[in-house]
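The next block holds one structure in the form of structure tokens; read it before the comments.
In my numbering, the protein residues as written are 1008 to 1190.
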């Protein structure tokens, strides 16, 4: 049983490294040899965990998506602990966590991926955020629009972060989304 945990931990270390590597390098420019070298392991051991570079990349995106959802949920739950927490406070905390993740991994930000194997992963992240908004009493079409708006604004901001302060982006997303939370 202890060996299984070691295997899971090692796999997660490789996924974390993959997120860093894909943040610094394009998918095309990163070879399986370079990934193994950065990890300090043999190429064969990397193949033990992932059948190839493509599978590794998809697993990295899945891991990043899970990390994003965990961070947003933890931030919303922390806001829930405040006395008289409002849906707006939970939303601000969640959007702030989303922007923090996007800023940390700006070059590889998970929502930038365009390939068909990754799109279902991204759709599940969007669906999660839409469902979360609906739990707060939002309108279904409004929720889809708000998620698309937040994604588009954050991607534009990441492309030119000097043009707008992070706190202004947060305020803009919240200002647009807040009316949808009002009864």
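Beta carbons are placed, not taken as given, at the ideal position from N, Cα and C, and that holds for glycine.
Q: Would you kindly report the start and end of the unbroken alpha helix (DSSP H) that includes residue 1127?
A: It spans 1126-1142 - the alpha helix (DSSP H) in which residue 1127 sits, taken as one unbroken run.
Q) Any chance the region 1104-1118 sits against the region 1057-1066, with 3 or more Cβ pairs inside 8 Å? A) Result no; under three Cβ-Cβ pairs closer than 8 Å.
**Q.** Cβ-Cβ distance between residue 1143 and residue 1094 below 8 Å
**A.** Residue 1094 sits close to residue 1143, with the two beta carbons spaced by under 8 Å.
Q) Going along the chain, which residues of its own chain have a beta-carbon closer than 7 Å to the beta-carbon of residue 1018, five neighbours each way excluded? A) Excluding residues within five positions, the ones whose Cβ falls inside 7 Å are 1056.
Q: Leaving out five residues on either side along the sequence, give the residues of the same chain with a beta carbon under 8 Å from the beta carbon of residue 1051.
A: Result list for residue 1051: empty, nothing under 8 Å.
**Q.** Exposure of residue 1139, with buried meaning 16 or more beta-carbon neighbours within 10 Å
**A.** By the beta-carbon neighbour count (other beta carbons within 10 angstroms, threshold 16), residue 1139 is buried.
Q: Consult DSSP for residue 1057 and reduce its assignment to one of helix, strand or coil.
A: The three-state reading of DSSP puts residue 1057 in coil, since its state is none of H, G, I, E or B.
Q: Measuring alpha carbon to alpha carbon, tell me which of 1136, 1040, 1020 ends up nearest residue 1083.
A: It is 1136.
**Q.** Span separating the alpha-carbon of residue 1029 from that of residue 1111
**A.** Roughly 13 Å separates the two Cα atoms.
Q: Out of 1167, 1157, 1121, 1166, point me to the one whose CA is closest to residue 1180's CA.
A: Out of 1167, 1157, 1121, 1166, the CA that lies nearest to the CA of residue 1180 is found in 1157.
Q) According to the neighbour-count rule (16 or more other Cβ atoms, all chains shown, within 10 Å of its Cβ), is residue 1123 buried or exposed? A) In the assembly as shown, residue 1123 is an exposed residue. Its beta-carbon has fewer than 16 other beta-carbons within 10 Å.
Q) How many Å lie between residue 1013 and residue 1046 at the Cα? A) Cα-Cα distance, rounded: 15 Å.
Q) What is the residue span of the alpha helix (DSSP H) that residue 1106 lies within? A) Residue 1106 -> alpha helix (DSSP H) spans 1094-1111.
Q) Three-state secondary structure (DSSP) at residue 1008? A) Its pLDDT being 41, under 50, residue 1008 is placed unreliably by the model, and the measurement read from it follows with that caveat. In this structure, residue 1008 counts as coil in the three-state DSSP scheme.
Q: Measure the alpha-carbon distance for residue 1008 versus residue 1016 and round it to whole angstroms.
A: Because residue 1008 sits at a pLDDT of 41, beneath the cut-off of 50, its placement in the model cannot be relied upon, and the point is left open.
(Q) Quick check: the region 1069-1083 against the region 1127-1136, are at least 3 beta-carbon pairs closer than 8 Å? (A) Because the criterion of three Cβ pairs below 8 Å is met, the region 1127-1136 and the region 1069-1083 touch.
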